[in-house]
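Please read the structure below before turning to the comments.
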Amino acid sequence: MKMKGWYRKTVSVALAAAMTMSLAACGGASAGGKGSGAIKIGASGPLTGPAAVYGNAVKAAAEMAVEEVNAKGGLQFALDFEDDTHDAEKAVTAYGVLKDWGMQVSLATVTSAPGAAVAPMYSDDKIFAITPSGSSLAIIYRDPDNAADPYGNVFQMCFTDPNQGIASADYLAAHPDLGTKIAVIYKNDDNYSSGIFAKFKSQASANSLDVVYTGTFDDSNASDFTVQLKQAQDAGADLIFLPIYYDPASLILTQANQMGYAPTFFGVDGMDGILTLEGFDTSLAEGVYLLTPFSADAKDDLTTKFTANYKAKMNGEIPNQFAADAYDCVYAIAQACEAAGVTADMSASDICDKLTGQFSSMTFNGLTGQNVTWSASGEVSKSPKAVVIKDGAYVGVEN
Amino acid sequence: MEKKKNLFALMTDKKHRGRTVSFGIVILGWAILEIMLFSGSLSSLFSSLLVPVCCYIVAAIGLNLNVGISGELNLGQACFMSVGAFTAVCLSGSLAGAIPAPLPRLLLSIVAGALLAALFGVLIGIPVLKLEGDYLAIVTLAFGQIIKSLITNMYLGFDDAGFHFSFVDNKVELKQGGKMLLNGPMGATGTERISTFTMGIVLIVIALIVVYHLMYSRSGRAIMAARDNRIAAESIGVEIFRTKMLAFTVSSCLAGAAGALYGLNYSTLVPAKFDFNTSILLLVYVVLGGLGNMTGTIIATIVLVLLPELLRSMQDYRMLIYAIVLILIMLLTNNETVRTWGERMKKQLKSRLKNRRNA
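Written out as structure tokens, the structure reads:
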């Protein structure tokens, strides 16, 4: 019996020792690596878990853009995309992996909460980052409540959530023909949705819009909207604003149709993707308006080429705005690197200084907008396009 | 008359050997990691894992006290972490002006988080632990959901005029310079990161001291007696409710402290982080490490937190392989053949050592 305890102790200590050895070994192994002579771009996003659709879209589009940039010769990029499962803790460890790899520039994270967790690290370590789709203010500001004290080297490619809410309220105020009695249904446990709604509400009252009904739902009851729709109908709403993702929106459209209730539906960029949803009758989405920076059916050369390539890469999947934003991010970084003369042998903090200067002064033309500019605090300025769904396709609306 | 033992004997006798190994591993691990941190040879990935691993270890040790020693299934350990985390984040955020130094603020926040979590433990324990059976599992499961929903709907902020609170609908409107402490589903953002690895180790050591002291004490023996045979324990005068309550409260208190450290390690924290999955994950650490085995819990937690990170090179197959490894460990540690093989190896080792000593 005495020996038994001794044995256990030895094994425990050996295990502990082996573990610390593996810590050291791993640190060494990942430090070297792929893509010497190329500027190392790091990124993290949810490749697994419920938000994986966004991470995978961003990853595919970013890879596409990197391949295209590299094929041109000249500037060379290497991309390492790590999984963060839409979790702040995992995003911080993914950041560690990327830093060990030697990341020089970053696409930060795909989603908001993880982005807010890693933003201070990009700031501390002086690595330039631009997030394709992290829309929360907490990604670019240390003090998000006052939109003050920006990190300075973390930029956004997408609109911030507040901007979408304000833009929507302004658009509805300018277009009373769409509907004057407005109902809102939003997801109150989702920070994207409640972030847009908060600003929409204040801007709507500033524009003296008539919001007759506000309904909410959360994860646990995101399948039945008949109650909210009935209440909206009873309140006499002729326009329903849906600052939500397309999954629940498709159910709302279906259930409204079953009730014989046909108001105008108005969505934001999360609505993009509804036409490609499996098992959804797209005829129900006829006449749905949405404000989005990108529509895959736009007829310009850049969009048609991107959509075709993306479909070829992703087994026919139609790119959403996350993908478009990611594609633009890589091209914006390429443009800034060329303009600032960034080369792969520069340190991350030198690159950071050069790119920060470039981004706050340059103008960029991409998939998600023309004449895109950034403020010094990292917020993007581009105009959202209003599109309406006609005959199963997005059609631009003249403003 | 019990013979007085010297310190060495106290550390290595059969009863206390587990304790010595636990402390040994923690202190050895801490020393090695500190040296590696100091010399800069620890990779960024592992440096970023130090604090969360410490947090999970503390919460898992607490859970093991409840599940392993007291024998009550708890499916809501993560929600006690949640209580601790959000308490600490709010306290630290609102005290940032009054106490600029991070260390006293961290200590205060951890203590507050631990106490509030313990209070919730008491409140849940009073009705539930009086019952016989698996009611605690059901109630802690529900409590986890309740806490998550509550925090998801809470809005708390402060400015010059003081604190503002609203529930469900966000009516908090702050003046310029105000700070939102809790922002509904967005949770807490802009938190100052003040947690340190050393504090994590200190918490683990405190957790081990508390748990081992409890285990070796009169109360601890009563807790185990109540677990093994409720009727027999009651018949010899053990107050079942009191003993189970003690274990459950200490367990939730430790989870609260762990959560506080966790919350202050990230600049952002969402309520959805501490959901049912996290509770189950903690339970997995405990079960794989062995019920009632604190050393096992520590090792299992380290291995299972590191595993997905080490499997990153597998890319898409990462979680698949993680699951397979988890199942394999469970099967192997309970497999008769593997166990007999282990016993045989042990015997061989034993006889070989004996031979060498005799030679």
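These protein sequences, in sequence, are chains Y and V.
Using this note's numbering, the first residue of the first sequence is number 22, and each one after it goes up by one.
Using this note's numbering, the first residue of the second sequence is number 18, and each one after it goes up by one.
Think of the CB as a built atom: it goes at the ideal place given N, C-alpha and C, for glycine as much as any other residue.
Note that the structure is predicted; figures quoted are calculated from it, not measured.
Where residue i falls: helix, strand or coil (DSSP)
{"i": "Y/Gln177", "result": "strand"}
{"i": "V/Leu263", "result": "helix"}
{"i": "Y/Asn386", "result": "strand"}
{"i": "V/Ile211", "result": "coil"}
{"i": "V/Glu51", "result": "helix"}
{"i": "Y/Gly63", "result": "strand"}
{"i": "V/Gly179", "result": "strand"}
{"i": "V/Gln94", "result": "helix"}
{"i": "Y/Gln97", "result": "coil"}
{"i": "V/Glu256", "result": "coil"}
{"i": "Y/Lys449", "result": "Since the first residue of chain Y shown is 22 and the last is 420, residue 449 of chain Y is not available in this structure."}
{"i": "Y/Ile161", "result": "coil"}
One or two residues paired with residue i in a DSSP bridge
{"i": "V/Phe40", "result": "Partner(s): none; V/Phe40 has no beta bridge."}
{"i": "Y/Pro269", "result": "DSSP output for Y/Pro269 lists no bridge partner at all."}
{"i": "V/Asn372", "result": "BP columns for V/Asn372 are empty, so no partner."}
{"i": "V/Leu173", "result": "V/Phe182 and V/Leu199"}
{"i": "Y/Tyr310", "result": "Y/Phe287 and Y/Val409"}
{"i": "Y/Lys208", "result": "Y/Phe238"}
{"i": "Y/Val126", "result": "Y/Ile62 and Y/Phe149"}
Residue-chain proximity (residue i, chain Y), Cβ-Cβ < 7 Å
{"i": "V/Thr169", "result": "yes"}
{"i": "V/Leu24", "result": "no"}
{"i": "V/Tyr283", "result": "yes"}
{"i": "V/Met262", "result": "no"}
{"i": "V/Thr391", "result": "A query on residue 391 of chain V cannot be resolved here, the shown segment of chain V reaching from 18 to 376 and no further."}
{"i": "V/Gly79", "result": "no"}
{"i": "V/Ser117", "result": "Note that residue 117 of chain V is Pro in the sequence shown, not Ser. So no, V/Pro117 is outside the interface."}
{"i": "V/Pro460", "result": "One cannot answer for residue 460 of chain V here, as it falls past the ends of chain V, which runs 18 to 376."}
{"i": "V/Val301", "result": "no"}
{"i": "V/Pro69", "result": "yes"}
Among the options, nearest to residue i - alpha-carbon criterion
{"i": "V/Gly194", "options": "Y/Ala168, Y/Tyr352, Y/Phe149 and Y/Lys403", "result": "Y/Ala168"}
{"i": "Y/Leu305", "options": "Y/Gly257, Y/Ile295, Y/Gly337 and Y/Asp170", "result": "Y/Ile295"}
{"i": "V/Gly179", "options": "V/Val106, V/Lys196 and V/Gly313", "result": "V/Lys196"}
{"i": "Y/Gln185", "options": "Y/Asp210, Y/Asp170, Y/Ser156 and Y/Tyr172", "result": "Y/Ser156"}
{"i": "Y/Ile410", "options": "Y/Ala72, Y/Lys334 and Y/Thr297", "result": "Y/Thr297"}
{"i": "V/Ala317", "options": "V/Asp333, V/Leu299 and V/Met171", "result": "V/Leu299"}
{"i": "V/Met171", "options": "V/Pro144, V/Ala340 and V/Thr104", "result": "V/Thr104"}
{"i": "Y/Asn209", "options": "V/Thr206, V/Pro202 and V/Gly207", "result": "V/Pro202"}
{"i": "V/Ile221", "options": "V/Val43, V/Ile240, V/Asp177 and V/Gly207", "result": "V/Val43"}
{"i": "Y/Gly70", "options": "Y/Ser244, Y/Phe287 and Y/Asp105", "result": "Y/Asp105"}
{"i": "Y/Ala73", "options": "Y/Gly63, Y/Ile148, Y/Gln97 and Y/Thr132", "result": "Y/Thr132"}
{"i": "Y/Phe315", "options": "Y/Ala414, Y/His107, Y/Gly200 and Y/Val233", "result": "Y/Ala414"}
{"i": "Y/Gly173", "options": "Y/Thr181, Y/Cys179 and Y/Arg163", "result": "Y/Arg163"}
{"i": "Y/Ser381", "options": "Y/Met178, Y/Ala369, Y/Ala195 and Y/Lys320", "result": "Y/Met178"}
Under 7 Å between C-beta atoms of residue i and residue j
{"i": "V/Ala275", "j": "V/Cys72", "result": "yes"}
{"i": "V/Arg36", "j": "V/Tyr302", "result": "no"}
{"i": "Y/Tyr116", "j": "Y/Phe343", "result": "no"}
{"i": "Y/Pro264", "j": "Y/Tyr207", "result": "yes"}
{"i": "Y/Val79", "j": "Y/Pro153", "result": "yes"}
{"i": "Y/Ala360", "j": "Y/Gln391", "result": "no"}
{"i": "Y/Tyr282", "j": "Y/Gln254", "result": "yes"}
{"i": "V/Ser87", "j": "V/Lys261", "result": "yes"}
{"i": "Y/Ile151", "j": "Y/Cys350", "result": "yes"}
{"i": "V/Val154", "j": "V/Leu82", "result": "According to the sequence displayed, residue 154 of chain V carries Ala and not Val. The answer is no: Cβ separation not under 7 Å."}
{"i": "V/Ile211", "j": "V/Leu124", "result": "no"}
{"i": "Y/Asn341", "j": "Y/Asp293", "result": "yes"}
{"i": "V/Ala264", "j": "V/Gly101", "result": "no"}
{"i": "Y/Phe262", "j": "Y/Phe287", "result": "yes"}
{"i": "Y/Leu312", "j": "Y/Ala407", "result": "yes"}
7 Å Cβ cutoff, residue i in contact with chain V
{"i": "Y/Asn174", "result": "no"}
{"i": "Y/Pro264", "result": "no"}
{"i": "Y/Thr130", "result": "no"}
{"i": "Y/Ala46", "result": "The predicted model places Y/Ala46 with a pLDDT of 38, which falls under 50 and marks its position as unreliable; any figure quoted below should be read in that light. No, Y/Ala46 lies away from the interface with chain V (no Cβ there is under 7 Å from its Cβ)."}
{"i": "Y/Ala168", "result": "no"}
{"i": "Y/Ala109", "result": "yes"}
{"i": "Y/Thr181", "result": "no"}
{"i": "Y/Asp164", "result": "yes"}
{"i": "Y/Met42", "result": "Per-residue confidence for Y/Met42 stands at a pLDDT of 42, beneath the threshold of 50, marking its modelled position as unreliable; no derived number is given."}
{"i": "Y/Asn336", "result": "no"}
{"i": "Y/Lys55", "result": "Because Y/Lys55 sits at a pLDDT of 42, beneath the cut-off of 50, its placement in the model cannot be relied upon, and the point is left open."}
{"i": "Y/Thr152", "result": "no"}
Below-7 Å beta-carbon distance, residue i vs any chain A residue
{"i": "V/Gly207", "result": "As a matter of chain content, chain A is missing from the structure shown, whose protein chains are Y and V."}
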